[in-house]
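**Q** Below you'll find the structure I mean.
Number of protein chains: 2
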Amino acid sequence: MSNQAARRTRSLSADKRAAILAGAKRVFLRDGFAAGSVDAVAAEAGVGKQTVYRHFGSKDALVEALVVGMCEAIDWSAPPDASSDPRATLRRELNAFVLGLSTPGSVQLYRAIIGEAGRQPEFARLFFEAGPKVIRSRVASVLCGELPDSEASEAAAILVNLALGDAYLELVLGITPPDPKRFERQIDAALELVLPSR
Amino acid sequence: MSNQAARRTRSLSADKRAAILAGAKRVFLRDGFAAGSVDAVAAEAGVGKQTVYRHFGSKDALVEALVVGMCEAIDWSAPPDASSDPRATLRRELNAFVLGLSTPGSVQLYRAIIGEAGRQPEFARLFFEAGPKVIRSRVASVLCGELPDSEASEAAAILVNLALGDAYLELVLGITPPDPKRFERQIDAALELVLPSR
DNA sequence: GCCGTTGACGAGACTGTATAGTCTCGCTAA
DNA sequence: TTAGCGAGACTATACAGTCTCGTCAACGGC
């Protein structure tokens, strides 16, 4: 709408907002929500401190906007495929999920959210609903064709767990660098365990 | 030794040190390593601020002493049992592990360590070596009797993963309260999957 | 098409508060 | 007498949030 375009020039700039959020992402995911400062965000975004407050009102609101935005942007699902082989579908689905979660940004978000889970349970819930829960139900819906409905949900949980497996804990702890091949191996082993091929 | 008793009164008091660490545990695991203040620790420990510095020198050193101490104190293993049934042994072992990790203190430590993993990788490593790694190898050594050695290590990783399962992620995220029965169900399902009973 | 108004913006000074770390003092027990 | 200790004053720094000022680009009246 031209309304929006006209509004934007007279109103707060969407570009600035995006720049601030990008700066906030770098600063807060690097230093933590508590230790990261608004001054650092403003500097990182190439923006005046006042502009940050004009757009977001407070540090807490800024952090919340960042977390909400990142959670909403989560989309780790694989594009739909034509294949009717559920094993192949699951493999692609789990792979997309695991790769999405292995991104430096995702790992940092995961760390920050878990670090704050005791003080900011809403963030944790938001993340959970947008990420793990969605994948679980996607996997379960694929499994419904293969297993009795009563087992599909549990099997989905097991698959998702094993897909992340040890590799993800070690990745989050910073003990091992990301290793797509290792994830693939974990996914194959998980599929073999839950849906034995022969 | 009387030496120690004599030393203690003339030297820094071990009681004070312990009180400070106990206060630090409450404060830092509640507020985070960055946001928790030395003043709060001193107050919580019923101790003068100066005493904290006499004992630990700096906030960083205090945090490190706390983390190191808590990691060294980790012992989630079940007491050895006489039973020769490996399934029963594994069930007890996994149960002890999961219960130890579900303790409020353990969950808070886990959160804090993951939250800092990007900035304090040594803490993460320390925790990993003292906790998950130990359990993995304990489980693997039990499995060696049941499976070919080549599979035992991977199966152990799978068992440990499934024992924690969804319940632990949800616990750490603060989404579900601790539920020992749910963990038991997860452990039974995991054992059934890895070592089918019939 | 020109011009004055308007409001977003950058820069940075400023306030109040919190915190790390130091210093001093008076108490107490060996 | 000595040294650990509690209490709390003190310094220096950092940060959240506010305020001001000068600039600039868009809008509206002419």
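Heads up: the sequence lines are chains A and B, in that order. So the first sequence is numbered by the UniProt record's numbering: it starts at 1 and just counts up by one. So the second sequence is numbered by the UniProt record's numbering: it starts at 1 and just counts up by one. From the three backbone atoms N, C-alpha and C, an ideal C-beta is built for every residue, glycine too.
Decide if residue 89/A is buried, meaning its Cβ has at least 16 other Cβ atoms within 10 Å, or exposed.
**A** buried
**Q** Using a C-beta to C-beta distance shorter than 7 Å, which residues of chain B count as neighbours of residue 111/A?
**A** 114, 115, 117, 118
**Q** Can you tell me where the alpha helix (DSSP H) holding residue 206/B begins and where it ends?
**A** This structure leaves residue 206/B out entirely; chain B is present only between 1 and 198.
**Q** Of the residues that make up the segment 146-173 of chain A, which ones have a beta carbon closer than 9 Å to any beta carbon in chain B?
**A** 154, 157, 158, 160, 161, 162, 164, 165, 166, 169, 170, 172, 173
**Q** Expressed to the nearest angstrom, what Euclidean distance is found between the alpha-carbon atoms of residue 196/B and residue 152/B?
**A** 15 Å
**Q** Three or more beta-carbon pairs under 8 Å between the segment 95-102 of chain B and the segment 169-185 of chain B, yes or no?
**A** yes
**Q** Any beta-carbon of chain A closer than 8 Å to the one on residue 175/B?
**A** Residue 175/B has a beta carbon lying within less than 8 Å of a beta carbon in chain A.
**Q** On a CA-only basis, which of 42/B, 70/B, 71/B, 78/B is nearest residue 59/B? Give me that one, please.
**A** For the residues 42/B, 70/B, 71/B, 78/B, the minimum Cα distance to residue 59/B belongs to 42/B.
**Q** Alpha carbon to alpha carbon, how far is residue 191/B from residue 87/B? Give it in angstroms, no decimals.
**A** 7 Å
**Q** Could you work out which residue in 186/A, 61/A, 49/A, 36/A is closest to residue 167/A when comparing CA atoms only?
**A** 186/A
**Q** Which runs of the alpha helix (DSSP H) at least 4 residues long sit entirely within the UniProt domain "HTH tetR-type" (14-74) of chain A? Give them in chain order.
**A** Fully enclosed alpha helix (DSSP H) runs of 4 or longer: 14-31, 38-45, 49-56, 59-72.
**Q** Pull up the distance between the alpha-carbon of residue 194/A and that of residue 155/A, whole angstroms please.
**A** So the alpha carbons of these two residues sit roughly 7 Å apart.
**Q** Establish whether the CB of residue 193/B and some CB of chain A are separated by less than 8 Å.
**A** Closer than 8 Å: yes.
**Q** Look up residue 149/B in the DSSP assignment and say whether it is helix, strand or coil.
**A** helix
**Q** So, for residue 142/B: in the same chain, excluding its five sequence neighbours on each side, which residues have a beta-carbon less than 6 Å away from its beta-carbon?
**A** Sequence-distant Cβ neighbours of residue 142/B in its own chain, meaning closer than 6 Å and more than five residues away, are 86, 89, 90.
**Q** In chain B, what lies closer than 7 Å to residue 125/A by C-beta?
**A** Scanning chain B for C-beta atoms nearer than 7 Å to the C-beta of residue 125/A yields 175, reported in chain order.
**Q** For residue 103/B, does the three-state DSSP call read helix, strand or coil?
**A** coil
**Q** What do you get for residue 25/A, buried or exposed, if any count of 16 or more other CB atoms within 10 angstroms of its CB means buried?
**A** buried
**Q** How is the alpha helix (DSSP H) around residue 187/B delimited, first residue to last?
**A** From DSSP, the alpha helix (DSSP H) with residue 187/B extends over 180-194.
**Q** Expressed to the nearest angstrom, what Euclidean distance is found between the alpha-carbon atoms of residue 75/A and residue 129/B?
**A** The alpha-carbon atoms of residue 75/A and residue 129/B are separated by roughly 33 Å.
**Q** Compare the Cα-Cα distances from residue 64/B to each of 51/B, 109/B, 95/B, 93/B and report the closest residue.
**A** 109/B
**Q** Just to confirm, is the Cβ distance from residue 172/A to residue 114/B under 8 Å?
**A** yes
**Q** Relative to the alpha-carbon of residue 107/B, which residue among 188/B, 16/B, 32/B, 150/B has its alpha-carbon at the smallest distance?
**A** 32/B
**Q** Residue 48/A to residue 15/A, Cα distance in whole Å?
**A** 14 Å
**Q** Out of curiosity, what's the CA-to-CA distance linking residue 28/A and residue 145/B?
**A** One C-alpha to the other measures close to 48 Å.
**Q** Please classify residue 18/A as buried or exposed, where buried requires at least 16 neighbouring CB atoms within 10 angstroms.
**A** Its Cβ having fewer than 16 others within 10 Å, residue 18/A is exposed.
**Q** Could you list the residues in the segment 32-66 of chain A with a C-beta less than 7 Å from some C-beta on chain B, going in chain order?
**A** 32, 34, 35
**Q** Use the C-beta contact count for residue 94/A: other C-beta atoms within 10 angstroms, 16 or more gives buried, fewer gives exposed.
**A** By the 16-neighbour rule on beta-carbons within 10 angstroms, residue 94/A is buried.
**Q** Residue 92/A: which of 79/A, 104/A, 103/A sits nearest, CA to CA?
**A** 79/A
**Q** Consider the Cβ of residue 121/A: report whether some Cβ of chain B lies at a distance smaller than 8 Å.
**A** yes
**Q** Going by C-alpha to C-alpha distance, which of 35/B, 68/B, 30/B, 37/B sits closest to residue 213/B?
**A** With chain B covering only 1 through 198, there is no way to say anything about residue 213/B.
**Q** Chain A partners of residue 196/B, CB-CB under 9 Å?
**A** Going along chain A, no residue has its Cβ under 9 Å from residue 196/B, so there is no contact; the nearest lies around 11 Å.
**Q** Among the residues of its own chain, which have a CB less than 7 Å from the CB of residue 135/A, if the five just before and after it don't count?
**A** 76, 97, 160
**Q** With distances taken Cα to Cα, identify the nearest neighbour of residue 188/A among 112/A, 165/A, 116/A.
**A** 165/A
**Q** I'd like to check one pair, residue 158/B with residue 147/A: are the Cβ atoms closer than 8 Å?
**A** no
**Q** Taking C-beta to C-beta, are residue 34/B and residue 124/A nearer than 8 Å?
**A** no
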